[in-house]
Amino acid sequence: VSDGIEDLRLWISDIIRNGIISMPEKGASWFEHMAKRMVDAQASGLANQVRNLSDTPFNSEGWQSGFMDQLLQLYLLIEGYRNSETQDPALLQDIRTGIGFTQKQEELKEQPGITDDWLVLAKQSTERDNITTERCWLYGTNTNQYALILQFIARGQLAQSTLTPGMFVNAELVFYPSVLPMRALIKQQNSTSSHKTYQGLNNWKQVAIAQTTAFALLPFRSERPYLVRQLKPVRHKDEWWLQDSNGEIMLLKESHRYIWKLLSISGGTPLDAALLGKEDKYEVVGIWNNGEYIIL
199 VSDGIEDLRL WISDIIRNGI ISMPEKGASW FEHMAKRMVD AQASGLANQV RNLSDTPFNS
259 EGWQSGFMDQ LLQLYLLIEG YRNSETQDPA LLQDIRTGIG FTQKQEELKE QPGITDDWLV
319 LAKQSTERDN ITTERCWLYG TNTNQYALIL QFIARGQLAQ STLTPGMFVN AELVFYPSVL
379 PMRALIKQQN STSSHKTYQG LNNWKQVAIA QTTAFALLPF RSERPYLVRQ LKPVRHKDEW
439 WLQDSNGEIM LLKESHRYIW KLLSISGGTP LDAALLGKED KYEVVGIWNN GEYIIL
């Protein structure tokens, strides 16, 4: 692993030294070469992040900002690993996970978990090299705890757990070690549930405070779920935003995929929403309408 990480560090240094203006001309194969080097070094987490760099929308305006953010996050991760001896043990677990070290699920399931009525907020699926990665985002209605169930499914195989967005399930989850636990395993699934209550943040300022607190603990920024009350879609500068009860607005990510459904259900009135995102862009994954959770 160490040799591969050193190769990646030099690769990033060369990008910074030469500038990123030529990145759009590099092509996917240039990034894939380094990603495969990380796979060979048994650093699959780093390989995925290099591939995410390749997926940068180079044809869109302002791609440089997103590219540099991802590149610096990658550099921060490998520098954290290179200085493992000085890291807090819990943070070191996050660093090792980001690198691609795995922990046996059997060992995790021996640990005590958290039992709750979990609402499945959303499911995201991506496919690469005949492997489907399934990300299910859950919300604990009693504990106000979020969870991410991550599954890797080879073509022709079935997922170990079937979670449908919008369903409630009573289950015991065991969380992977982290300074800010999010990824979890289902230790025991007891039954479906009809639990309807939930908590939520009141405005974008509270989202910013929650995110700042999270980033202070875990500096490797990634998308996180949030429940926010009384948001309504508004049009501003030819883009769609979400406005809170204080009149503050936040840009909607990839709004074209769901904005018309959101508008048709809400009628332009404020609704409680489940969001997924970070910093200055968020995606609506579901809304509450007359007490019912609706997937977008």
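The number in the numbering used here is simply the position in the sequence shown, starting from 1, with 198 added. Just so it is clear, CB atoms sit at the ideal spot from N, CA and C, and this is done for glycine as well.
Between the CA atoms of residue j and residue i - distance to the nearest angstrom
i: P363; j: L317; result: 8 Å
i: Q428; j: R207; result: 44 Å
i: K459; j: A239; result: 45 Å
i: F366; j: S211; result: 47 Å
i: P310; j: A382; result: 12 Å
i: E277; j: A412; result: 20 Å
i: Q247; j: N400; result: 33 Å
Exposed unless 16 or more other CB atoms sit within 10 angstroms - verdict on residue i
i: A352; result: exposed
i: I203; result: buried
i: D442; result: buried
i: L473; result: buried
For residue i, the three-state DSSP class (helix, strand or coil)
i: K451; result: coil
i: F229; result: helix
i: Y374; result: coil
i: Q301; result: coil
i: T362; result: coil
i: V426; result: strand
i: V367; result: strand
Within 8 Å, strictly: CB atoms of residue i and residue j
i: Q343; j: I384; result: no
i: T300; j: Y374; result: no
i: L356; j: C334; result: no
i: N487; j: I457; result: no
i: G398; j: D470; result: yes
i: G298; j: A241; result: yes
i: Q369; j: Q349; result: The sequence given here places Ala at residue 369; Gln does not occur at that position. Their beta carbons are not under 8 Å apart, which means A369 does not touch Q349 by this criterion.
Proximity test, residue i beta-carbon vs the ligand FMN heavy atom, cut-off 7 Å
i: W439; result: Judged by which ligands are present, the structure shown has none, so any question about the ligand FMN falls away.
- Query: Below 8 Å, can you find three or more Cβ-Cβ pairs linking the segment 378-397 to the segment 411-423?
  - Reply: yes
- Item | the segment 210-224 in contact with the segment 251-264 per 3-pair CB rule at 8 Å | yes
- Evaluate the contact criterion for the segment 320-338 versus the segment 266-283: three or more CB pairs, one atom per stretch, below 8 Å. no
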